[in-house]
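In our numbering, the protein residues as written are -11 to 371. Even for Gly, the Cβ is constructed at its ideal location relative to N, Cα and C. Shown next, in structure tokens, is the structure this report addresses.
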């Protein structure tokens, strides 16, 4: 059994990073490893334990860029002991704490989920600390090959980078109720486009609504919540987009039904904050083609142009409308790309594969830290 410390800004909240940390942590416990999560939260500190998983959410009433700033986080970090300390970036609080205190860990790794692209002054101030932090890591996991070359920070640490794609639990997508799918199709007649994600600045929701002005017969269902909701509703009303429905958050089983019921899934993100797009994998597991954008991240690598969907230029509403229209009008292409997407997702992007690759990296890193004489003894502990 390996003792693993997962360090993240948040845990079990909306967002791709939070979901990936949550799923990895629970997945590791299913493999009989002990996992502790150290994260931040607004308000009072919370401590919870669920079997071999324990969570310490360090409380704070201060925030920087909507991220809690906890003065007690360094103390909590220094008190931790683990075989593996695994940081999920961006996590400014962990970087700051690591400068003055660090856990007692044999191996330290970081997953670089995405760059912070909007806060240039903050990024400039943080750069020396982040460089020092990454210098101290034994390895840096990236979710897609493109991240190594396109992230300004990672290029100088390319020798430490290892590609470990994220993954989705594929089993729920194989057992969706067919009658519920028919109910969705009856409620939203005509070609059905699905968007799933937070309603935030980098997701391209406004560009998507502009594209819908050119797709009158089609219906768009948008699942998610966020600070742009009022602005998007105003845009829908201003342009008379009665074919667009904002549903807010949905339960997992309702979301899986929508994935199965839609004709096309769309991820119109506009900034490199979108580095992977787990929702693409969920659509691919449902056998649906994806329309995404040509970001310099893993997004167009997850769903490939002309193979599992279509990729369009960033911030181009007309190109987005054209790609959606093309797929909606070509049933054969939808089925071919959707089937190819499911195969690709099952081969590369399942949760089991993500957990397995992560454990393999942990094992190799731990072996590199001990004398050769005891490596054979350790080799059987991580399977």
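CB-CB length for residue 135 against residue 285, believed under 8 Å:
Locating residue 135 in the chain shown gives position 147, where the first residue counts as 1. Locating residue 285 in the chain shown gives position 297, where the first residue counts as 1. Yes, residue 135 and residue 285 are in contact; Cβ-Cβ is about 6 Å, under 8 Å.
Candidates 295, 223 and 170: closest to residue 196 by CA position:
In the chain shown, residue 196 corresponds to position 208, counting from 1. Among 295, 223 and 170, the Cα nearest to that of residue 196 belongs to 223.
Contact check, residue 220 vs residue 193 under 8 Å by CB: the rounded distance?
Working through the chain shown from its first residue, we reach residue 220 at position 232. Working through the chain shown from its first residue, we reach residue 193 at position 205. Confirmed, Cβ separation roughly 6 Å.
What residue range is occupied by the uninterrupted alpha helix (DSSP H) comprising residue 167?
Counting from 1 along the chain shown, the entry for residue 167 is found at position 179. Element bounds for residue 167: 166 to 175.
Taking one C-beta from the stretch 143 to 158 and one from the stretch 126 to 133 each time, how about it: are there three or more such pairs within less than 8 Å?
yes
Terminal residues of the continuous alpha helix (DSSP H) containing residue 63?
Residue numbering aside, residue 63 sits at position 75 when the chain shown is read from its first letter. Run containing residue 63: 61 to 66, per the alpha helix (DSSP H) assignment.
Bridge partners for residue 231 per DSSP, in chain order?
For the purposes of this step, residue 231 is taken as residue 243 along the chain shown, with counting starting at 1. Per DSSP, none; premise fails for residue 231.
In this structure, how does DSSP classify residue 102 when only helix, strand and coil are distinguished?
Here residue 102 refers to the residue found at position 114 of the chain shown. Residue 102 falls in the coil class under three-state DSSP.
Count the CB pairs spanning the stretch 34 to 52 and the stretch 86 to 103 that are closer than 8 Å, and state whether there are at least three.
no
For the ligand ADP, is there any heavy atom lying closer than 7 Å to the beta carbon of residue 214?
As for the ligand ADP, it is missing from this structure, which has no ligand bound.
Give me the DSSP bridge partner(s) of residue 129.
The residue given as residue 129 occupies position 141 in the chain shown. Answer is 99 and 150, bridged to residue 129.
Host alpha helix (DSSP H) of residue 346 (start-end)
Locating residue 346 in the chain shown gives position 358, counting from the first residue. Residues 339 to 356.
Give the single residue among 189, 159, -4 and 87 whose Cα lies nearest to the Cα of residue 372.
Shown here, the chain extends from -11 to 371; a query on residue 372 therefore has no answer.
Could you please give the first and the last residue of the uninterrupted beta strand (DSSP E) stretch that includes residue 145?
Numbered from its first residue, the chain shown carries residue 145 at position 157. Premise fails: residue 145 is in no beta strand (DSSP E) and is neither H nor E.
Quick one: is residue 281 buried, meaning 16 or more other Cβ sit within 10 Å of its Cβ, or exposed?
In the chain shown, residue 281 corresponds to position 293, counting from 1. Counting Cβ neighbours within 10 Å, residue 281 comes out buried, since at least 16 surround it.
Who are residue -9's beta bridge partners in DSSP?
Here the question's residue -9 lines up with position 3 in the chain shown. Its beta-bridge partners are 22.
Assess contact between the stretch 231 to 245 and the stretch 209 to 220, defined as three or more Cβ pairs (one per stretch) separated by less than 8 Å. Is contact present?
yes
Using DSSP's beta-bridge definition, name the partner residues of residue 27.
For the purposes of this step, residue 27 is identified with residue 39 of the chain shown, where counting begins at 1. Note: residue 27 sits in a beta bridge opposite 45.
Residue 37 by DSSP, collapsed to three states: which one?
Here residue 37 corresponds to residue number 49 of the chain shown, with the count starting at 1. Of the three classes helix, strand and coil, the one that applies to residue 37 here is strand, per DSSP.
Taking the continuous beta strand (DSSP E) assigned at residue 279, which residues delimit it?
Residue 279 sits at position 291 when you count from the first residue of the chain shown. It spans 278 to 281 - the beta strand (DSSP E) in which residue 279 sits, taken as one unbroken run.
For residue 170, count the other beta carbons within 10 Å of its own beta carbon; 16 or more makes it buried, fewer makes it exposed. Which is it?
Start at 1 with the first residue of the chain shown, and residue 170 comes out as number 182. So residue 170 counts as exposed.
Taking the CB atoms as reference points, tell me whether residue 118 and residue 141 lie closer together than 8 Å.
The residue labelled residue 118 in the question sits at position 130 within the chain shown. The residue labelled residue 141 in the question sits at position 153 within the chain shown. Their beta carbons are under 8 Å apart, which means residue 118 touches residue 141 by this criterion.
Indicate whether the contact test is met: 3 or more Cβ pairs, each with one atom in the stretch 299 to 309 and one in the stretch 161 to 177, closer than 8 Å.
no
Note down, in chain order, each residue of its chain lying with its Cβ closer than 6 Å to the Cβ of residue 35, except the 5 sequence neighbours on either side.
Along the chain shown, one-based indexing puts residue 35 at 47. Cβ within range, chain order: 44.
CB residue 87 to CB residue 353, shorter than 8 Å?
Numbered from its first residue, the chain shown carries residue 87 at position 99. Numbered from its first residue, the chain shown carries residue 353 at position 365. For residue 87 and residue 353, no; Cβs fall outside 8 Å.
Collapsed DSSP secondary structure at residue 247 in the structure displayed
For the purposes of this step, residue 247 is taken as the residue at position 259 of the chain shown. Three-state result, residue 247: helix.
Measuring CA to CA, which of 183, 84 and 104 is closest to residue 120?
For the purposes of this step, residue 120 is taken as residue 132 along the chain shown, with counting starting at 1. Ranking the options by Cα distance to residue 120, first place goes to 84.
Starting from the N-terminal side, write out each stretch of the beta strand (DSSP E) that is 3 residues or longer and does not extend beyond the stretch 179 to 221.
180 to 184 and 207 to 211
Would residue 245 be called buried (16 or more neighbouring beta carbons within 10 Å of its own) or exposed?
Mapped onto the chain shown, residue 245 falls at position 257. Buried, because 16 or more other Cβ atoms sit within 10 Å of the Cβ of residue 245.
Can you give me the C-alpha to C-alpha distance between residue 350 and residue 21, rounded to a whole angstrom?
Taking the first residue of the chain shown as position 1, residue 350 is located at position 362. Taking the first residue of the chain shown as position 1, residue 21 is located at position 33. Using only the alpha carbons, I get a separation of about 12 Å.
C-alpha gap between residue 241 and residue 164, whole angstroms
Numbered from its first residue, the chain shown carries residue 241 at position 253. Numbered from its first residue, the chain shown carries residue 164 at position 176. Those two C-alpha atoms are separated by around 8 Å.
Starting from the Cα of residue 25, find the closest Cα among 260, 10 and 312 and give me that residue.
Walking along the chain shown from the start, residue 25 turns up at place 37. Answer by Cα proximity: 10.
Which residue or residues does DSSP assign as beta-bridge partners of residue 123?
For the purposes of this step, residue 123 is taken as residue 135 along the chain shown, with counting starting at 1. Answer is none; residue 123 lacks a bridge partner.
For residue 224, write down the residues that DSSP places opposite it in a beta bridge.
Sequence index remark: in the chain shown, residue 224 carries index 236 (1-based). Residue 224 pairs with nothing; no bridge assigned.
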